[in-house]
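FYI, numbering that gives the first Met the number 0 numbers position 49 of the sequence shown as 48, with every residue one higher than the one before it.
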Amino acid sequence: MCCQMCNRVILRRLALALLCVVFFGAGSVPGIAEPAIPAGPAGEVLQAFLKAFNSGDRAELETFVKSYHPPDTAEGLLSFRKLTGGFTLLSIEQSAADAIRIRVRGNGDNREAYGRILLATTAPPRVSWLGFRLIPPGGVIEDVPLDAAARTRIIEAVLSALNQNYVYPETAEKMAAAIHDNQQKGQYDDITDGGLLANKMGEDLSAVSHDRHLRVEWSPFKRPVQRQGPDPAAEARMQRELARSNCTFEKLEILPENVGYVKFNAFAAPEICGPTVAAAMNFLANADALIFDLRDNGGGDPRMVALIATYLFNHPVHLSDIYNRREDSTTQYWTLPYVPGNRLASTPAFVLTSGRTFSGAEDFAYNLQAIQRVTVIGETTGGGAHPTMLHPVDAHFSVAVPFARSVNLTTKTNWEGTGVTPDVHVKSTEALQAAQRLAVDKIYAKSTSK
Numbered sequence: 000m001c002c003q004m005c006n007r008v009i010l011r012r013l014a015l016a017l018l019c020v021v022f023f024g025a026g027s028v029p030g031i032a033e034p035a036i037p038a039g040p041a042g043e044v045l046q047a048f049l050k051a052f053n054s055g056d057r058a059e060l061e062t063f064v065k066s067y068h069p070p071d072t073a074e075g076l077l078s079f080r081k082l083t084g085g086f087t088l089l090s091i092e093q094s095a096a097d098a099i100r101i102r103v104r105g106n107g108d109n110r111e112a113y114g115r116i117l118l119a120t121t122a123p124p125r126v127s128w129l130g131f132r133l134i135p136p137g138g139v140i141e142d143v144p145l146d147a148a149a150r151t152r153i154i155e156a157v158l159s160a161l162n163q164n165y166v167y168p169e170t171a172e173k174m175a176a177a178i179h180d181n182q183q184k185g186q187y188d189d190i191t192d193g194g195l196l197a198n199k200m201g202e203d204l205s206a207v208s209h210d211r212h213l214r215v216e217w218s219p220f221k222r223p224v225q226r227q228g229p230d231p232a233a234e235a236r237m238q239r240e241l242a243r244s245n246c247t248f249e250k251l252e253i254l255p256e257n258v259g260y261v262k263f264n265a266f267a268a269p270e271i272c273g274p275t276v277a278a279a280m281n282f283l284a285n286a287d288a289l290i291f292d293l294r295d296n297g298g299g300d301p302r303m304v305a306l307i308a309t310y311l312f313n314h315p316v317h318l319s320d321i322y323n324r325r326e327d328s329t330t331q332y333w334t335l336p337y338v339p340g341n342r343l344a345s346t347p348a349f350v351l352t353s354g355r356t357f358s359g360a361e362d363f364a365y366n367l368q369a370i371q372r373v374t375v376i377g378e379t380t381g382g383g384a385h386p387t388m389l390h391p392v393d394a395h396f397s398v399a400v401p402f403a404r405s406v407n408l409t410t411k412t413n414w415e416g417t418g419v420t421p422d423v424h425v426k427s428t429e430a431l432q433a434a435q436r437l438a439v440d441k442i443y444a445k446s447t448s449k
């Protein structure tokens with residue numbers, strides 16, 4: 000994978016938490032009077048959502064999810080609240096019985112976002128879309144209805160990108176046939192909202208491919224003119240985001256019995272976050288066991304996977320290959336010849352997983368598990384092994400196309416669709432305690448064998 004694509008991968012993973020479709024709550028800023036929320040079903044949902052979200056109470060969020068939006072989860076909403084710090088309602092942009100569009104400001108980062116709640120039913124109110132996007136610099140909102148010609152143009156452009164680039168050509172043909180069949184049945188005829196069309200197409204494509212990385216995306220903001228070559232401003236924004244999140248390294252400590260613990264939530268670009276990794280691994284250099292907490296890690300750059308894995312070996316290791324369908328080429332990923340600080344090649348290592356562990360985080364767990372270098376503890380992971388490239392469709396639509404596949408040297412396959420199966424199955428909430436117990440057992444066993 001080229002560096003530009005790797006940066007896009009980590010930006011997209013960070014976007015899930017910071018820049019893309021997120022769920023916010025309203026807080027308050029001194030001196031700013033929040034607008035009144037209109038009466039009606041959509042206003043009722045907004046009021047209930049903000050109240051539950053701002054409470055930070057899991058039980059209230061679970062009640063909201065059950066009442067209005069079952070596809071959502073209290074855990075996901077709590078994670079987003081932690082990142083945003085809550086939101087202040089700035090304005091009601093549009094309001095109807097079945098839809099409401101608003102602007103909010105983040106209490107934690109002072110950034111504005113555009114939010115939409117669309118209802119599938121009004122009696123009782125049930126959500127078909129609830130999400131917010133950060134408003135980009137100079138962003139122009141063009142949240143306008145789609146007509147039949149626009150729908151057809153978008154659908155054909157998405158299918159063209161898949162036919163040209165999807166990792167399995169025969170699957171791309173099957174997806175196109177399924178979408179055309181749905182068109183003939185009129186399944187898209189009543190969809191005038193861009194976000195709902197993107198969701199529906201994504202669901203229909205996934206029903207054929209079962210590919211967790213494949214998605215159709217829509218933005219209410221007009222896409223800026225694409226510049227050729229690297230974008231220094233975008234690179235600078237990415238570096239600021241990574242710096243602000245400490246390269247997603249959330250926790251680093253020495254637990255009882257000298258067990259080292261590190262929690263990080265993305266595999267960021269090594270040219271930016273390599274120093275953070277070196278500092279973390281040097282802090283852990285004298286631990287008698289290691290725990291890598293990837294329960295909230297959404298993946299990222301395979302080069303960072305190789306960098307961190309290098310600390311666990313004192314000899315070269317061929318971790319995996321990535322086959323690129325369109326280029327008909329294979330890129331090998333090996334541990335590195337040098338990393339700053341000490342290596343921990345003989346230190347027992349454990350990886351914590353959940354259903355949220357995805358993509359590059361699965362790469363780390365799967366490949367190290369396959370050669371029995373780590374013990375995986377927790378839940379089966381999300382099951383995404385296909386790197387993607389984002390293809391713009393028009394000013395508002397794009398499609399993330401999986402264009403390659405990972406190949407493990409031991410298993411000759413990957414974790415796509417199945418996830419990484421833990422060595423020790425426990426609930427993700429219990430994984431750390433289970434890993435600590437096993438780590439201490441390993442430490443004692445090692446000490447008594449000397």
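Note that beta-carbon positions come from the ideal geometry of N, C-alpha and C, so glycine has one too.
Check your understanding: Using the rule of at least 16 other Cβ atoms within 10 Å of the residue's Cβ for burial, across every protein chain shown, is residue 40 buried or exposed?
Key -> On the sequence shown, position 41 is the one that residue 40 refers to. So residue 40 counts as buried.
Check your understanding: Ordered along the chain, which non-local residues of its own chain (more than five positions away) have a Cβ less than 7 Å from that of residue 181?
Key -> Numbered from its first residue, the sequence shown carries residue 181 at position 182. Correct list, in chain order: 187 and 203.
Check your understanding: Is it true that the CB of residue 103 sits closer than 7 Å to the CB of residue 88?
Key -> Counted from its first residue, the sequence shown places residue 88 at position 89. Counted from its first residue, the sequence shown places residue 103 at position 104. In contact: residue 88 and residue 103 (Cβ atoms closer than 7 Å).
Check your understanding: Between residue 437 and residue 47, what straight-line distance do the alpha-carbon atoms span, to the nearest angstrom?
Key -> Residue numbering aside, residue 437 sits at position 438 when the sequence shown is read from its first letter. Residue numbering aside, residue 47 sits at position 48 when the sequence shown is read from its first letter. Answer to the nearest angstrom: the Cα atoms are 43 Å apart.
Check your understanding: Taking buried to mean at least 16 other C-beta atoms within 10 Å of its own C-beta, is residue 407 buried or exposed?
Key -> Here the question's residue 407 lines up with position 408 in the sequence shown. That one is buried.
Practice item. Counting only runs of 4+ residues fully inside the segment 202-255, write out the alpha helix (DSSP H) ranges in chain order. Key: 231-243
Check your understanding: Among residues of its own chain, excluding the 5 on either side of residue 448, which ones have a beta-carbon nearer than 8 Å to its beta-carbon?
Key -> As a working mapping, residue 448 is identified with position 449 in the sequence shown. So no residue of the chain qualifies.
Review point. What runs of the alpha helix (DSSP H), each 4 residues or longer, lie entirely inside the segment 358-382?
Key: 359-369
Point to revise | Under the three-state DSSP convention, the category residue 387 falls into | key: Reading the sequence shown from its first residue, position 388 is the one you call residue 387. Here residue 387 sits in strand by DSSP.
Exercise for review: Counting only the same chain and skipping the five closest in sequence on each side, list residues whose C-beta sits under 8 Å from that of residue 124.
Suggested key: The residue you call residue 124 lines up with position 125 of the sequence shown. Hits under 8 Å: 40, 41, 43, 44, 67 and 118.
Practice item. Report the partner residues of residue 262 according to the DSSP bridge assignment. Key: For the purposes of this step, residue 262 is taken as the residue at position 263 of the sequence shown. The partner list for residue 262 (beta bridge, DSSP) reads 250 and 292.
**Study point:** Contacts around residue 290, its chain only, beta-carbon distance under 6 Å, and the 5 residues preceding and following it disregarded
**Key:** As a working note, residue 290 is residue 291 in the sequence shown. 260, 349 and 434.
Review point. Can you tell me the Cα-Cα spacing of residue 238 and residue 271, whole angstroms?
Key: Translated into positions along the sequence shown, residue 238 becomes position 239. Translated into positions along the sequence shown, residue 271 becomes position 272. Taking the straight line joining both Cα atoms gives about 7 Å.
Review point. Using DSSP with H/G/I as helix, E/B as strand and the rest coil, what is residue 408?
Key: Your numbering for residue 408 matches position 409 in the sequence shown. Coil, per DSSP.
Check your understanding: Using 8 Å as the threshold, is the segment 262-270 in touch with the segment 288-303, meaning 3 or more CB pairs across them?
Key -> yes
Exercise for review: Indicate whether residue 357 and residue 153 have their beta-carbon atoms separated by less than 7 Å.
Suggested key: By 1-based counting over the sequence shown, the position of residue 357 is 358. By 1-based counting over the sequence shown, the position of residue 153 is 154. Contact flag unset, no.
Review point. Considering residue 40, what are the terminal residues of the beta strand (DSSP E) in which it resides?
Key: Counting from 1 along the sequence shown, the entry for residue 40 is found at position 41. Per DSSP, residue 40 belongs to no beta strand (DSSP E); it is in the alpha helix (DSSP H), 40-54.
Check your understanding: Quick one: Cα of residue 374 to Cα of residue 368, how far?
Key -> Walking along the sequence shown from the start, residue 374 turns up at place 375. Walking along the sequence shown from the start, residue 368 turns up at place 369. In a straight line, the C-alpha of residue 374 is about 6 Å away from that of residue 368.
Practice item. Could you tell me whether the segment 209-220 touches the segment 123-142, where touching means 3 or more Cβ pairs closer than 8 Å? Key: yes
Review point. So, are the CB atoms of residue 430 and residue 376 less than 7 Å apart?
Key: To locate residue 430, count along the sequence shown from 1; it is residue 431. To locate residue 376, count along the sequence shown from 1; it is residue 377. Yes, these two residues count as a Cβ contact at 7 Å.
**Study point:** Endpoints, beta strand (DSSP E) assigned at residue 124
**Key:** By one-based count along the sequence shown, residue 124 stands at place 125. 124-133 is the span of the beta strand (DSSP E), which, as asked, contains residue 124.
Point to revise | Residue nearest to residue 355 in terms of C-alpha spacing, selected from 389, 72, 132 and 126 | key: Here the question's residue 355 lines up with position 356 in the sequence shown. Minimum Cα distance to residue 355 is reached at 72.
Practice item. Return the CA-CA distance between residue 382 and residue 425, expressed in angstroms with no decimal places. Key: Walking along the sequence shown from the start, residue 382 turns up at place 383. Walking along the sequence shown from the start, residue 425 turns up at place 426. Rounded to whole angstroms, residue 382 to residue 425 spans 18 Å at the Cα level.
**Study point:** Secondary structure of residue 394, DSSP reduced to three states
**Key:** For this step, residue 394 is matched to residue 395 along the sequence shown. Coil at residue 394, not helix or strand.
Review point. Taking only beta-carbon atoms, is residue 92 less than 7 Å away from chain D?
Key: This model lacks chain D altogether, as it is built from one protein chain only.
**Study point:** Residue of 309, 251 and 423 minimising C-alpha distance to residue 353
**Key:** Here the question's residue 353 lines up with position 354 in the sequence shown. The candidate whose alpha carbon is nearest that of residue 353 is 423.
**Study point:** Cβ-based neighbour list, residue 275, same chain, cut-off 7 Å, excluding 5 preceding and 5 following
**Key:** Here residue 275 is taken as the residue at index 276 of the sequence shown, counted from 1. Counting only Cβ-Cβ distances below 7 Å, and skipping sequence neighbours, we find 245, 246 and 248.
**Study point:** Residues of its chain near residue 319, where Cβ-Cβ distance is below 6 Å and the 5 sequence neighbours each way are ignored
**Key:** Looking up residue 319 in the sequence shown gives position 320. Here the set comprises 332, 366, 405 and 407.
**Study point:** Rounded C-alpha distance that separates residue 444 from residue 257
**Key:** Position 445 of the sequence shown, counted from the start, is the residue given in the question as residue 444. Position 258 of the sequence shown, counted from the start, is the residue given in the question as residue 257. So the two alpha carbons sit approximately 14 Å from each other.
**Study point:** Length-filtered (4 minimum) alpha helix (DSSP H) runs lying within the segment 67-152
**Key:** 73-83
Point to revise | Residue nearest to residue 351 in terms of C-alpha spacing, selected from 49, 95, 419 and 277 | key: The count along the sequence shown starts at 1 and reaches residue 351 at position 352. The shortest C-alpha separation from residue 351 is found at 419.
Point to revise | Reference residue 304; option with closest CA among 344, 273 and 359 | key: Here residue 304 corresponds to residue number 305 of the sequence shown, with the count starting at 1. Of the listed residues, the one whose Cα sits closest to residue 304 is 359.
Practice item. For residue 144, count neighbouring Cβ atoms within 10 angstroms of its own Cβ and tell me buried if that reaches 16, exposed if not. Key: Residue mapping note: residue 144 aligns to position 145 of the sequence shown, counting from 1. Label assigned to residue 144: exposed.
Exercise for review: Using 10 angstroms around the beta-carbon of residue 286, count the other beta-carbons present and answer buried if the total reaches 16, otherwise exposed.
Suggested key: Here residue 286 refers to the residue found at position 287 of the sequence shown. Classification for residue 286: buried.
Practice item. Indicate whether residue 84 and residue 106 have their beta-carbon atoms separated by less than 7 Å. Key: As a position in the sequence shown, residue 84 is number 85, starting the count at 1. As a position in the sequence shown, residue 106 is number 107, starting the count at 1. Yes, the Cβ-Cβ distance between residue 84 and residue 106 is below 7 Å.
Practice item. Tell me residue 320's beta-bridge partners as DSSP assigns them. Key: Sequence index remark: in the sequence shown, residue 320 carries index 321 (1-based). Looking at the DSSP assignment, residue 320 forms a beta bridge with 331 and 406.
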